[in-house]
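Chemist:
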Amino acid sequence: MKNYMQRLLNAASLIADAEYFVIALGAGLSYELGARVYGDRLYSAMGDLTDESLFVDMYDGFRLPYSQQRRWAFMSRFAHFNLYEERPLDIYRKLLNIIGGRPHFIISSSVDNLARRAEFADSDLFSCRGRADKLQCLRGCHNVVYPFDDLCKTMCESGVVKIMPTELIPMCPVCGGDMTLNVDIYNDYFVESYEYKEEYDRYYSFIRKAKKHKLLFIELGERATPEFGKFNARYVIEHITHRVDGARILRINKYEPQGRPCNYNKTVCFDESIVKVIGDIDCMSKDSGFIK
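Take 40 as the starting number for the sequence shown in our numbering and just add one per residue.
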């Protein structure tokens, strides 16, 4: 895309004018921060669990016909590599700086909890595809989720294993069947727990209020057509922006920057690095003082 500086100025103008913000954090941002689910990182983390030709990305492990013990070897590694590896979190501080204390809400379609690790308030966050640090019944027999942090760390303490010891494998406390991660990734029985519904209700309440004001969606790395998941953040953003006069979109997406034609005049797009664009806008905000 051309005219980078002009697009930066247009983005700064949208931010200066906005009264409410919704920030959508997609997989593209996590990838930029090192949480790549394909390539060298995939094969170093998971390559011994299956033939490389079957593993296009790390999410494929959720649909492969593993035995119970091998499935938990995969899931414990998936959670470990996506939840506990160190990530640079400076971009989240810059986002908060750009917003400058104005009302905001975060939608995260990544399951790596980076937004929570960056200390966004839980009350302002909706993890629309679930969380890899929670467990649910594999068949969704009830809508309660359970913490996985301590068990995951125990599973990984002995190092990399291909077969998880049966004594470490959790079983559903209600039906006695298998459990799985509470993530909406190839999961026909994704559990929308009480906590999940609370998060959605807070998001929906925020949107109802924000639609009466100048609303800016800052969309970072959201896929236009996600392969899985019931909640399509990008579709929701495009739909609301089309219907609400005061809504605008700031989209940073390397591969899919363009949105719906009906919103072209309400959208500023970037196909450059998310970290670069947010960093440049943060510098502009300090220089020009457009933060309210």
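Even glycine gets a Cβ: it sits at the ideal position worked out from N, Cα and C.
Do asparagine 182 and arginine 170 have their beta-carbon atoms positioned less than 8 Å apart in this structure?
Modeler: Contact flag unset, no.
Chemist: Are the CB atoms of isoleucine 257 and glycine 67 within a distance shorter than 8 Å?
Modeler: Not closer than 8 Å, so no.
Chemist: Sorted by chain position, which residues of the same chain lie with C-beta nearer than 6 Å to cysteine 301's C-beta, five sequence neighbours on each side aside?
Modeler: Once the five neighbours on either side are set aside, the close Cβ partners of cysteine 301 are His281.
Chemist: In its own chain, which residues sit with a C-beta less than 7 Å from the C-beta of glutamine 297, not counting the 5 before and 5 after it?
Modeler: The answer, listed in chain order, is Cys308.
Chemist: Going by DSSP in three states, asparagine 249 sits in which element: helix, strand or coil?
Modeler: The question names asparagine, but residue 249 in the sequence shown is alanine. DSSP places alanine 249 in helix when its eight states are reduced to three.
Chemist: Taking the alpha carbon of aspartate 163 as the reference point, which residue from Asn121, Tyr123, Ser244 has its own alpha carbon closest?
Modeler: Nearest C-alpha to aspartate 163: Ser244.
Chemist: Skipping 5 residues on each side, what residues in its chain have a beta carbon closer than 6 Å to that of phenylalanine 270?
Modeler: Taken in chain order, the residues that qualify are Cys167.
Chemist: On the three-state DSSP scale, how would you describe arginine 109?
Modeler: Helix at arginine 109.
Chemist: Kindly indicate the opening and closing residues of the beta strand (DSSP E) around alanine 63.
Modeler: Unbroken beta strand (DSSP E) run through alanine 63: 59-64.
Chemist: Between which two residues does the alpha helix (DSSP H) holding leucine 254 run?
Modeler: Not the alpha helix (DSSP H): leucine 254 falls in the beta strand (DSSP E), residues 254-259.
Chemist: Where leucine 207 and tyrosine 239 are concerned, what is the direct C-alpha to C-alpha distance, given to the nearest angstrom?
Modeler: Leucine 207 and tyrosine 239: Cα-Cα distance of roughly 32 Å.
Chemist: Report the CB separation of glutamate 58 from histidine 278 in whole angstroms; it is logged as a contact under 8 Å.
Modeler: The pair is not a contact, with the Cβ atoms about 20 Å apart (cut-off 8 Å).
Chemist: Using the C-alpha atoms, what's the distance from phenylalanine 159 back to glycine 139?
Modeler: Looking at the two C-alpha atoms, the distance is approximately 14 Å.
Chemist: Between the alpha carbons of glutamate 311 and leucine 64, how many angstroms are there, rounded?
Modeler: Computed Cα separation, rounded: 16 Å.
Chemist: Can you tell me whether threonine 205 is buried or exposed, with buried defined as 16 or more other CB within 10 angstroms of its CB?
Modeler: Exposed.
Chemist: Return the CA-CA distance between arginine 178 and methionine 218, expressed in angstroms with no decimal places.
Modeler: Approximately 8 Å, taken between the alpha carbons.
Chemist: Could you check what DSSP says for leucine 391 in three-state terms: helix, strand or coil?
Modeler: Nothing in the structure corresponds to residue 391, since the chain is present only between 40 and 331.
Chemist: Enumerate in chain order the residues of its own chain whose CB-to-CB distance from proline 209 is below 7 Å, with the five nearest sequence positions on each side excluded.
Modeler: So the qualifying residues of the chain are Leu174, Leu190, Met218.
Chemist: Pick from Ile54, Met40, Met44: whose alpha carbon is nearest that of isoleucine 288?
Modeler: Comparing Cα-Cα distances from isoleucine 288 to each of Ile54, Met40, Met44, the minimum goes to Ile54.
Chemist: My assumption, with CB atoms under 8 Å, is that glycine 73 sits in contact with arginine 126. Please give the rounded CB distance.
Modeler: Their Cβ separation, rounded to whole angstroms, is 6 Å, which keeps glycine 73 and arginine 126 in contact under 8 Å.
Chemist: From the DSSP output, read off the bridge partner residues of methionine 218.
Modeler: DSSP lists Cys176 as partners of methionine 218.
Chemist: Going by CA-CA distance only, name the one from Arg110, Trp111, Ile146 that's closest to valine 61.
Modeler: When each option's Cα is compared against that of valine 61, the closest is Ile146.
Chemist: Among Arg290, Cys195, Ala249, Val184, which has the Cα closest to the Cα of glutamate 231?
Modeler: The shortest C-alpha separation from glutamate 231 is found at Val184.
Chemist: So, at 7 Å on beta carbons, what are the nonlocal neighbours of isoleucine 276 in its own chain, with the 5 sequence-adjacent residues on each side left out?
Modeler: Contacts found: Ala63, Phe256, Glu258, Ile288.
Chemist: For methionine 123 and alanine 157, which I take to be in contact (beta-carbon distance under 8 Å), what is that distance rounded to the nearest angstrom?
Modeler: Going by the sequence as given, residue 123 is tyrosine instead of methionine. 15 Å between Cβ atoms; not a contact.
Chemist: Taking the C-alpha atoms as reference points, what is the distance between lysine 41 and arginine 141?
Modeler: Those two C-alpha atoms are separated by around 31 Å.
Chemist: Which one of Val222, Ser52, Asp284 has the shortest CA to CA distance from cysteine 176?
Modeler: Ranking Val222, Ser52, Asp284 by Cα distance to cysteine 176 puts Val222 first.
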